[in-house]
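Beneath this line is the structure, given in structure tokens, with notes to follow.
Protein chains: 2
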Amino acid sequence: MNKHPNYLLNQINGPKDVKQFTISQLKQIAEEIRTLIVERTAAIGGHTAPNLGITEVAVAFHYVFNSPTDKIIWDVSHQSYAHKCLTGRVKGFIDPDHYADVGGFTDPNESEHDFFAVGHTSTSVSLAVGMAQARDLQKQSGNIVAVLGDGSASGGLAFEGLNNAGRMRSNLIVIFNDNQMSIDENQGGLYQGLKELRETNGQSANNIFKFMGFDYRYVADGNDLDSLINVFNEIKDIDHPIVIHINTLKGKGYKFAEQNKFKFHWSSPFDIETGQSINNNFSDDTYDQAVIDVLSEEIENDQPIMAINAAIPGTFGLKKLENKYPHNYLDVGIAEQHSLTMATGMAKNGAKPVVFHNSTFLQRAYDQLSHDIALNDLPVVILIKNGTISQSSWTHQGDFDIPYITSLPNIEYLAPTNEEELQNMLRWALRQNNHPIAIREPMHNVEHGKSQSEFNDINYRIEKSGEKVAILALGDFYQLGEQLVQEINNVLHFNPTLINPISASNLDENALDSLLLNHQLIITLEDGSLSGGFGEKIDRYFSDKDVKVLNYGAKKEFNNNIPVSDLYRKYHLTPKQIVDDIKKQNI
Amino acid sequence: MNKHPNYLLNQINGPKDVKQFTISQLKQIAEEIRTLIVERTAAIGGHTAPNLGITEVAVAFHYVFNSPTDKIIWDVSHQSYAHKCLTGRVKGFIDPDHYADVGGFTDPNESEHDFFAVGHTSTSVSLAVGMAQARDLQKQSGNIVAVLGDGSASGGLAFEGLNNAGRMRSNLIVIFNDNQMSIDENQGGLYQGLKELRETNGQSANNIFKFMGFDYRYVADGNDLDSLINVFNEIKDIDHPIVIHINTLKGKGYKFAEQNKFKFHWSSPFDIETGQSINNNFSDDTYDQAVIDVLSEEIENDQPIMAINAAIPGTFGLKKLENKYPHNYLDVGIAEQHSLTMATGMAKNGAKPVVFHNSTFLQRAYDQLSHDIALNDLPVVILIKNGTISQSSWTHQGDFDIPYITSLPNIEYLAPTNEEELQNMLRWALRQNNHPIAIREPMHNVEHGKSQSEFNDINYRIEKSGEKVAILALGDFYQLGEQLVQEINNVLHFNPTLINPISASNLDENALDSLLLNHQLIITLEDGSLSGGFGEKIDRYFSDKDVKVLNYGAKKEFNNNIPVSDLYRKYHLTPKQIVDDIKKQNI
């Protein structure tokens with residue numbers, strides 16, 4: 001039900017309607033949007049603070065420009081809520097029954113005013129350059145506007161885009177949203193220069209944007225609607241590239257978000273009155289402490305550990321480590337490529353880098369995985385989270401890591417099945433000097449296993465010896481493997497073999513050959529995309545041998561916020577479905 | 001035999017020996033090195049002009065600093081010849097019989113003064129930051145020096161590295177080698193700012209390096225040994241990050257290289273007296289003209305084509321297209337990520353981007369392939385060269401593209417087998433609006449096929465219908481498939497089936513199922529790495545069916561300048577070896 005039937009926003013079905021209001025009414029609309037941002041993110045989670053900070057930009061843009069002839073491209077698009085409210089989608093913000101109808105990122109399937117599905121940073125300027133070049137090539141008109149945050153500006157792609165934008169000879173507008181924050185604090189020398197620009201009201205002669213060929217305007221209060229409308233009117237239809245550098249307040253209007261920008265960058269559901277998180281399905285039952293405990297032990301043992309992340313310490317609970325061992329912690333900002341190449345340099349010079357990445361963001365550094373880490377074969381450790389089939393937005397889909405890592409030489413990709421194994425593998429990885437080791441952190445409920453103090457080899461572990469069917473249950477699908485054993489016992493009345501393969505990249509040929517003696521069917525289970533994955537490596541090994549193989553994992557496709565249970569059913573990732581498949585094999 | 005037994009260089013067995021000479025002798029040594037660079041690259045090819053331009057930097061570095069305690073990291077390392085001459089490897093430059101002993105890039109297996117195997121651009125600053133952080137963490141000392149060219153500075157990783165270097169509080173020295181060239185001309189707004197710095201003798205207040213937190217020195221003549229030695233002495237052991245911006249002449253000392261920096265960036269063997277290329281094994285029998293012909297046709301038909309490349313127009317012969325259709329050509333500089341994200345924007349706005357990439361460099365934009373092109377499922381066309389098992393340096397190994405492209409949703413990866421098929425596929429790709437299409441240009445001798453004017457579907461083509469064995473011969477291994485048919489005829493006395501699979505990413509299930517009727521063995525041939533590749537997809541399809549499969553391609557490993565014939569033998573990529581393997585299958 002519409003929570004605010006009296007809001008002016010109810011009169012806005014698209015950008016044209018925005019132009020009917022007075023400036024004073026538009027200011028009220030901005031405040032209405034703020035309320036909706038807080039209400040929606042309090043209820044279902046979301047990017048509270050980034051959206052609060054940019055509300056006036058969206059209002060001013062749709063007041064001055066004519067979307068979709070004039071096009072705005074939101075970097076990351078995690079700050080596009082106000083834009084969505086003004087482009088026909090206010091129902092997804094004003095009516096809790098329809099929150100789920102509208103996603104957290106821009107989506108061309110939702111609206112003609114959204115041009116791209118985007119969730120990774122630093123792409124907006126390059127996308128805008130492409131749209132502008134296409135406009136010019138086809139002799140069309142219209143403004144192309146890219147929004148880029150100061151945090152995203154540390155990503156190399158943003159720089160590549162700015163460098164190519166700066167040489168254009170036609171319309172291109174970059175709104176540089178400087179809120180003095182990345183996800184956490186900004187990291188890098190760049191931010192000194194930006195500070196000087198702010199402190200001189202944009203007058204400093206040392207100006208990276210002008211250096212790169214842009215015209216430039218500075219807006220001291222980027223949350224002041226009048227200022228924004230004035231500058232947009234002034235530069236609309238400009239015939240060359242320009243940066244509008246605006247100083248905004250991340251979290252503006254909601255005091256808890258203003259005070260704790262890091263927590264409210266992306267927030268799980270919270271109580272509006274107190275800003276406190278609400279107990280909910282967002283489990284905090286993770287392996288974070290187990291990982292930090294191992295790093296702390298090794299630091300105490302005088303190992304030169306460096307725990308590296310790219311602007312997402314919260315994902316790994318790394319603030320605890322930073323507080324205790326500040327010299328052993330490094331946030332490089334949004335700069336995934338640098339994180340790995342730098343780690344290569346560290347490992348070469350005797351340190352022990354441990355790089356923490358989300359599966360979906362690590363792919364931003366694929367060449368660095370290959371050309372720097374794998375080729376140089378140095379003992380960099382990479383800890384990967386969210387490598388899993390999940391309900392995520394398709395912009396953050398994390399099930400491609402096994403394919404993209406295991407196709408590279410030299411990198412061992414370990415897949416622990418429980419907390420103790422994760423710790424033992426991490427210790428082993430940190431104490432060896434032979435190869436890069438990636439470790440795929442299990443993503444389901446925290447499981448426990450044998451507390452063996454030593455992990456010495458990556459051979460497969462035959463956990464249950466049986467007959468007919470052998471199950472290779474990788475990483476956090478090991479528990480699914482256990483359930484499958486049970487289901488086979490119950491339904492098919494025999495004991496299959498259960499194997500923990502330890503590594504997604506290793507073929508333990510002795511173990512595989514031994515299975516040929518009394519198994520007719522091999523089953524592989526992996527929590528990731530099958531195409532190029534672990535199961536296919538097993539298929540290749542057995543392709544000329546007398547045994548059949550069934551592979552279970554995700555289909556090669558993008559899935560946008562689909563419940564995991566639906567995906568599991570679709571991919572036959574339930575014990576019952578797999579047993580039905582086994583029956584068809586007539587073994 | 002040593003061509004110059006009287007050279008002072010013969011007295012240099014390592015950096016310590018460099019310090020024994022007078023400045024005047026060092027200048028002579030620099031000239032000796034120049035002669036060797038020209039002689040070696042004239043004989044066996046190589047990076048003539050980059051090495052000529054940086055000779056004095058290497059001499060001054062080893063005179064002032066103490067390698068390997070002080071460490072120099074060469075970006076790309078294609079300009080490390082002088083460094084190699086001064087660190088015990090002069091034999092590889094002065095004695096033609098030993099040219100092959102020393103590679104064209106830095107290599108830790110060659111010398112303790114080389115820290116990394118490097119061949120891709122823009123990594124040096126990040127590697128240096130890592131080494132410096134490791135030094136500080138372990139409370140060690142020594143200077144860390146990164147060399148970065150102005151051309152490489154357009155790559156986003158260089159910016160990420162500079163941004164993270166600029167905030168350091170300890171020694172880090174960046175030698176910014178500004179020779180006003182990338183591989184071809186520099187591209188981007190950045191180069192306007194650098195020009196202003198040069199024209200003001202480094203005094204301009206607008207200084208991107210200072211903006212990012214660096215101290216700064218300018219050297220107007222970076223080929224003047226005295227100036228370099230002075231500035232190096234001045235800043236040695238500095239306690240904060242500094243950029244030494246040096247203005248050098250690419251190709252210095254060899255007039256043809258000075259006059260044609262593009263041609264001599266990397267040159268095949270040439271006549272020293274005339275600068276003309278020598279007829280040799282470097283074949284110019286390519287598909288370049290065939291591709292340009294199709295693009296020209298489509299441009300003439302008013303298709304809004306944009307031919308995009310990232311600083312390597314020579315690799316694709318694109319200068320011809322640029323000359324004829326300058327509006328339909330775009331070099332983005334060394335900025336592979338931008339090239340793809342920009343292309344996504346172009347396709348969304350109605351243009352027809354065709355992005356030209358080397359297999360080894362396209363991997364620098366893996367996230368852009370995934371998150372921008374594949375997720376948004378827009379009709380970007382990508383033309384890929386050097387996706388092949390080759391004798392390349394392991395830094396440029398191009399056999400991973402099938403794994404990294406075919407594991408992504410939505411992208412179709414076509415693999416033409418001859419010139420006419422390549423043209424037909426390219427026309428089809430440009431005229432469809434459904435999906436991103438990548439095309440893998442065949443890399444062997446130019447082959448010809450049926451000049452069918454239409455290419456309408458991606459189903460497998462059964463070229464020869466036979467029995468027992470079916471050969472899926474992908475792309476430029478189609479001819480190997482034909483040879484294999486012949487060998488099976490001759491040796492095993494039956495007619496196998498030969499299939500052109502058309503695409504590395506498509507499973508034509510009808511075609512595959514039809515093979516089950518009268519074939520016991522499927523053979524896949526692909527000119528790339530097997531792990532995650534085409535053959536494994538076939539393995540998975542047949543893994544629960546009554547047929548065996550043998551996959552032929554490269555092992556997952558790095559190979560450094562190994563002759564292709566050796567690799568083929570190792571990987572059983574000859575008809576005779578495959579027939580021997582078939583015999584063992586007892587079909």
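Here the protein sequences line up with chains A and B, keeping their order. The first sequence finishes on residue 587 if you use full-length UniProt numbering, and the numbering steps up by one all the way, no holes. The second sequence finishes on residue 587 if you use full-length UniProt numbering, and the numbering steps up by one all the way, no holes. Glycine included, each C-beta is placed from N, C-alpha and C at the ideal position.
Per DSSP, reduced to three states, the secondary structure at B:Phe-232 is helical. When DSSP states are grouped into helix, strand and coil, A:Phe-400 belongs to the coil group.
Taken through DSSP and simplified to helix, strand or coil, B:Phe-61 comes out as helix. For A:Met-212, the secondary structure class from DSSP, reduced to helix, strand or coil, is coil. Contact between the stretch 111-128 of chain A and the stretch 33-48 of chain A is absent: fewer than three C-beta pairs spanning the two stretches fall below 8 Å. The DSSP assignment places complete beta strand (DSSP E) segments of no fewer than 3 residues inside the stretch 398-481 of chain A at 412-414, 437-440, 461-464 and 468-473, in order along the chain.
Put simply, the CB of B:His-371 is near chain A, with a gap under 8 Å to one of its CB atoms. DSSP, read as helix, strand or coil, puts A:Glu-487 in helix.
For B:Gln-520, the uninterrupted beta strand (DSSP E) run begins and ends at 519-529, by DSSP. With contacts defined by Cβ atoms closer than 8 Å, A:Gly-314 and A:Ile-292 do not form a contacting pair. When the beta-carbon positions are compared, A:Val-219 and A:Gln-423 stay at least 8 Å from each other. The Cβ atoms of B:Leu-498 and B:Glu-509 do not sit closer than 8 Å to each other. In the three-state reduction of the DSSP assignment, B:Asp-508 falls in the coil class.
In the displayed model, B:Pro-241 falls within a strand according to three-state DSSP.
Looking only at B:Ser-565, B:Leu-426 and B:Gln-479, the smallest Cα-Cα distance to B:Asp-457 is reached by B:Leu-426.
From the beta-carbon of B:Met-131, the residues of chain A found nearer than 8 Å are Gly-345, Met-346, Lys-348 and Asn-349. Those residues of the stretch 352-383 of chain B placed with their C-beta closer than 7 Å to a C-beta in chain A are Gln-363, Arg-364, Tyr-366, Asp-367, Ser-370, His-371, Asp-372, Leu-375 and Asn-376, ordered along the chain.
Using a Cβ distance threshold of 8 Å, B:Asp-70 and B:Met-1 do not count as a contacting pair. With distances taken between CA atoms, A:Phe-93 lies nearest to A:Thr-35 out of A:Thr-35, A:Ser-565 and A:Gly-533. The Cβ atoms of B:Leu-197 and B:Asn-207 sit closer than 8 Å to each other.
Identification of residues in the stretch 548-582 of chain A having a C-beta nearer than 7 Å to some C-beta of chain B yields Lys-548, Val-549, Leu-550, Asn-551, Lys-556, Glu-557 and Phe-558, given in sequence order. In this structure, DSSP gives B:Val-18 a helical state, which the three-state scheme calls helix.
Among the CB atoms of chain B, one or more fall inside 8 Å of the CB of A:Ser-407. The alpha carbon of A:Gln-138 has as its nearest neighbour, out of B:Pro-353, B:Asp-476 and B:Arg-364, the alpha carbon of B:Pro-353.
Contacts with chain A at 8 Å (Cβ-Cβ) do not include B:Pro-313. Residue-level contact check: B:Leu-157 touches chain A, since one or more beta carbons of chain A fall below 8 Å from its beta carbon. A:Asn-323 and A:Phe-264 have their C-alpha atoms roughly 20 Å apart. For B:Glu-336, the CB contacts under 6 Å within the same chain, skipping 5 residues up- and downstream, are Ala-310, Phe-361, Arg-364 and Ala-365 in chain order. Using a Cβ-Cβ distance cut-off of 8 Å, the stretch 488-504 of chain A and the stretch 554-564 of chain A are not in contact, since fewer than three pairs of beta carbons, one from each stretch, lie closer than that value. With its beta carbon less than 8 Å from one in chain B, A:Ser-531 belongs to the interface. One alpha carbon belongs to B:Ser-67, the other to B:Ser-277, and they sit about 37 Å apart. Chain B places no beta carbon closer than 8 Å to that of A:Pro-15, leaving this residue out of the contacts. In this structure, A:Lys-91 lies away from A:Asp-107, with their beta-carbon atoms at least 8 Å apart. Scanning chain A for C-beta atoms nearer than 7 Å to the C-beta of B:Gln-303 yields nothing, as the closest lies near 10 Å away.
Taking the CA atoms as reference points, B:His-519 sits about 30 Å from A:Tyr-571.
At least one CB atom of chain B sits nearer than 8 Å to the CB of A:Phe-116.
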